[in-house]
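**Q** Sequence positions in the sequence shown follow the working numbering and run 1349 to 1781.
Backbone N, C-alpha and C define an ideal beta-carbon position, used for all residues, glycine too.
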Amino acid sequence: VIHITGTNGKGSTARMAESICRAYGLRTGLYTSPHLERVNERIMIDGQEISDDQFVDVWDQMKDIIDMVDARMEADGKPKMSFFEVLTAMAIWAFADAPVDVTVMEVGMGGEWDATNVMNADAAIIGPVDMDHMQWLGNTVEEIARTKAGIIKPNCTVILGPQPHEAKVLPIIKEVAERNHATLLRDSSYGDGELEVVSRTPAVGGQVVTLRTPLGTYEDVPIDKFGKHQAHNALAALAAAEVVLPVNGALDGDLVAEALSQVKVPGRIEQVRTSPTIIIDGGHNVNAAESLRETIEENYHFEQLIGVVAMMADKQVEEYLGVLEPILTKIVVTRNSWRDRVMDPEELEKIAVGVFGEDRVIRVDELPDAIQTAVDLVDEDDELGVGYGHGVLICGSFVTAGDARTMLVEHVNPDLKKPKDQRVAIHPNIDES
């Protein structure tokens, strides 16, 4: 089992670790959250999300057990199982039923009290620890780090990613690791460490990296994602794969390269359109905003970049916008589909005006209209009409990214993969003869 926590980068790291394990012929189970468009995305077996029929079948097998647990909890005056707890149980059931050889699980929030922490990890990855979900995890980096360290299990290997607050985080992780007789491998970004991104070169559609672990050095590994943070995510994933794969010594460099080159991470600094360039990103905290800004500055050369932003009301909105302000020409504030949690556009507008100034802020209450407004602004200033140097960045929440992705990404009808005589008629009133 590979178990992954951290403020950011969990989903990307999980997908990379799963891909490496699958490249070695192992049957894999991958559990991530949140989903962008379909709940099935959260539960994947052998790199494929489970089908609607499989999802329903797992639910049918489990619903009586869930009802029994809920009844017991109610009788004790406690809350029923949450949506996330039910999905976690369904994922574990599906993986056991498959069965899989390796399970890769992304923590939902925190670690110690997270539903995924029923798993006993062989490798526990702790990515960057920063301020997020403070109402649940604590108001200091130290409190949050201690909660995330809760995934460290006896005799496991702990892989510690780059830490923006290393002086506060490292002593806590060391203490918990020592108490559990766990092996600690540290990313060397902020000093000495057993893991290192030796080199990194931006390339078309991503980057080429050289990674060092205690078992070996992997040269010229292509990663199909932009950004320094993704190189460090790949390093953590590689170190975890080395722990769980039944291989003596370093892994096969060609297999690692092939696995990492094929990893797609929807909604994480994902370019979904060209002419104009449209990028979506689901990050919602300061650390994510810093990675987003750094990645755009390194890989794009925008003369004009219009932001479309919708964020949840409980986030550090002003700080998030402050990080992105230098790269955005203007910002269109709006709301996403989660109306119970999203910040009201009027309130978001007030905060944005304080960061950008009134002349750079536009409020459009509905996301589809906001995206169209941003595209119109870009088209208006794109004298050549080719989109180069002009772009739209849609960001602020995974819900925002998911909503935008549903609108903007072309989806192939799965029925078209079937032989013609097995397809459902798309236009039943048309006589094919």
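Starting from K1516, follow the alpha helix (DSSP H) in both directions and report where the run begins and ends.
**A** E1514 to R1527
**Q** Between which residues of its own chain and L1583 is the CB-CB distance below 6 Å, once the five residues before and five after are set aside?
**A** L1543, V1545 and L1559
**Q** Excluding the five sequence neighbours on either side, which residues of its own chain have a C-beta within less than 6 Å of the C-beta of F1443, listed in chain order?
**A** G1377 and T1451
**Q** Using 8 Å for Cβ pairs, my map puts G1509 next to H1580. What's the rounded Cβ distance?
**A** 6 Å
**Q** Excluding sequence positions up to five away, which residues of its chain have a Cβ less than 7 Å from the Cβ of N1777?
**A** In this predicted model, N1777 has a pLDDT of only 34, less than 50, meaning its place in the structure is not dependable; the value taken from the coordinates is given anyway. So the list is empty, once near-sequence residues are dropped.
**Q** Specify the secondary structure class of K1501 as computed by DSSP and reduced to three states.
**A** coil
**Q** Would you call the stretch 1372 to 1387 in contact with the stretch 1737 to 1750, where contact means no fewer than 3 C-beta pairs closer than 8 Å?
**A** yes
**Q** CB-CB under 6 Å to K1678, same chain, minus the five flanking residues each way: which ones, in chain order?
**A** I1654 and R1708, listed in sequence order.
**Q** Report the rounded CA-to-CA distance for E1366 versus I1393, giving the unit in angstroms.
**A** 10 Å
**Q** When the Cα atoms are used, what is the spatial distance from D1400 to Q1652?
**A** 42 Å
**Q** Counting C-beta neighbours from all protein chains within 10 Å, is the total for T1521 16 or more, i.e. buried, or is it exposed?
**A** The question names Thr, but residue 1521 is Ile in the sequence shown. It counts as buried.
**Q** What is the DSSP secondary structure of Y1668, reduced to helix, strand or coil?
**A** helix
**Q** Under 8 Å, do I1617 and L1640 count as touching if we go by C-beta distance?
**A** yes
**Q** For the stretch 1597 to 1614 against the stretch 1556 to 1573, do three or more pairs of beta-carbon atoms, one drawn from each stretch, fall closer than 8 Å, so that the two count as touching?
**A** yes
**Q** Do the stretch 1589 to 1601 and the stretch 1429 to 1438 meet, that is, are 3 or more Cβ pairs less than 8 Å apart?
**A** no
**Q** Under 8 Å Cβ to Cβ from G1458, same chain only, skipping five residues before and after it: list those, please.
**A** T1353, H1481, W1484, L1485, I1492, T1495, K1496 and G1498
**Q** Spatial neighbours of G1670 within its chain, please: CB distance less than 6 Å, with the 5 preceding and 5 following residues excluded, ordered by chain position.
**A** V1703
**Q** State the Cα-Cα distance for the pair P1502 and L1756, rounded to the nearest angstrom.
**A** 46 Å
**Q** In whole angstroms, give me the CA-to-CA distance for E1645 and K1428.
**A** In a straight line, the C-alpha of E1645 is about 46 Å away from that of K1428.
**Q** Taking just the CA atoms, how far does V1524 sit from V1489?
**A** 16 Å
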